[in-house]
Amino acid sequence: MHQYLFFIGDFPVRTYGLVLSLSIILATGTGYFLAQREGHGDEKHLVDLGIYCGIAGLIGARLWDVFFFDWGYYRHHLTELFNVWQGGMAVQGGIVFGVIAGILYCRRHHLDTIRLMDTLAPAIILGQALGRCANLLNGDAFGAPTGGSFGIIYPATTLAAHTYGAQPLWPAEVWEGQLDMVIFALLLMFRCTSHARGQCFALYVMLYSTARFGLEFLRGDYAEKVLGFMTSAQTTSFFAFSIALFFFILLGLRQKRKTPPYPDKRK
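For what it's worth, the numbering used here labels the leading residue of the sequence shown as 17, then goes sequentially.
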């Protein structure tokens, strides 16, 4: 685990930033491939869409963490608002801001927003999986102490070590990255079935929300409870899952009265 790749003078080149950038690039490339395979011509917008959604996602992830999870600290340390290498990028905020940016881009360029959301859902979760690798390398988004000899012991320079010392911690970010890859495969499989417009994206939200809700029981950062029984991320996951499930069912019921919008073009 290396937080720094090398230094240019006194400026550190961090693995966190490199892997995070790589996650955006690879997610954009995957989205390009999936859009090209659909054959609607949307792939020509994917590079610009990836840039705008990537930037919006990074801003949203940081603002979400600052204002929803740790405002009690940052309101007294405003100069550290952009010190993302200290930890503090909320995936859920990145998703919300990135999706909003994507919707605005689609509306401006008269693209089929729902179709693109379905197409790009696997690419989004792939980017999230790689992003968790960045968290591991940076020593943030860590788990709680395991209470035994099993777990990750982080270097002394990381936020995890500053919080819990040399105790073994649950590999929460590792398991989330692995579950994200499982979700990636499940979404690709779902795309091969007959489904209603919008259902693939709704399924992505449902699957990720379920995984995140469960893993929050192992997280060691931001463990404060909302209303006394759920963390902030669990609360967000619960409502996101409920809304996505509602639309998944509604879209499926509507589709029964229509011709399937995603026929197999190989026939």
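In this text, a Cβ means the ideal position worked out from N, Cα and C, and glycines have one as well.
Item to check | Buried or exposed by the 16-neighbour rule on C-beta atoms within 10 Å, applied to Thr-209 | outcome: exposed
Checklist entry - Whose C-beta lies closer than 7 Å to the C-beta of Tyr-90 among residues of the same chain, with five residues either side of it excluded? => result Val-82, Glu-96, Leu-97
Item to check | Three-pair Cβ contact test at 8 Å for the stretch 153-168 versus the stretch 181-189 | outcome: yes
Next on the checklist: Under DSSP, the beta strand (DSSP E) around Leu-21 begins and ends at which residues?
Outcome noted: 20-24
Item to check | Tyr-68 vs Glu-59 beta-carbon contact at 7 Å | outcome: no
Item to check | Own chain residues within Cβ distance below 8 Å of Thr-247, not counting five before or after | outcome: Glu-232, Arg-235, Tyr-238, Ala-239, Glu-240, Lys-241
Item to check | Cβ pair count under 8 Å reaching 3, the stretch 107-126 against the stretch 27-39 | outcome: no
Next on the checklist: Let me check one thing: in DSSP terms, what residues is Lys-241 bridge-paired to?
Outcome noted: Thr-247
Checklist entry - Pick from Arg-270, Gly-230, Cys-216, Thr-251: whose alpha carbon is nearest that of Ala-260? => result Cys-216
Next on the checklist: I need the straight-line Cα distance from Gln-250 to Leu-50, nearest angstrom please.
Outcome noted: 31 Å
Checklist entry - Quick one: what's Arg-235 bridged to in DSSP? => result Gly-159
Next on the checklist: Rounded to the nearest angstrom, what separates Leu-79 and Gly-109 at their Cα positions?
Outcome noted: 7 Å
Checklist entry - Between Thr-174 and Gly-181, what straight-line distance do the alpha-carbon atoms span, to the nearest angstrom? => result 10 Å
Next on the checklist: In this structure, how does DSSP classify Leu-323 when only helix, strand and coil are distinguished?
Outcome noted: A question about residue 323 goes unanswered here, because the residues of the chain that appear run from 17 up to 283.
Checklist entry - Within this structure, are the beta carbons of Ser-39 and Leu-153 separated by less than 7 Å? => result no
Item to check | Cβ-based neighbour list, Asp-134, same chain, cut-off 7 Å, excluding 5 preceding and 5 following | outcome: Arg-213, Gly-214, Cys-216, Phe-217
Next on the checklist: For His-92, count the other beta carbons within 10 Å of its own beta carbon; 16 or more makes it buried, fewer makes it exposed. Which is it?
Outcome noted: exposed
Item to check | Gly-57 versus Ala-172 - alpha carbon distance | outcome: 50 Å
Checklist entry - Would you say the beta carbon of Leu-50 comes nearer than 6 Å to a heavy atom of the ligand MG? => result With respect to small molecules bound, the structure shown includes none, and the ligand MG cannot be examined in it.
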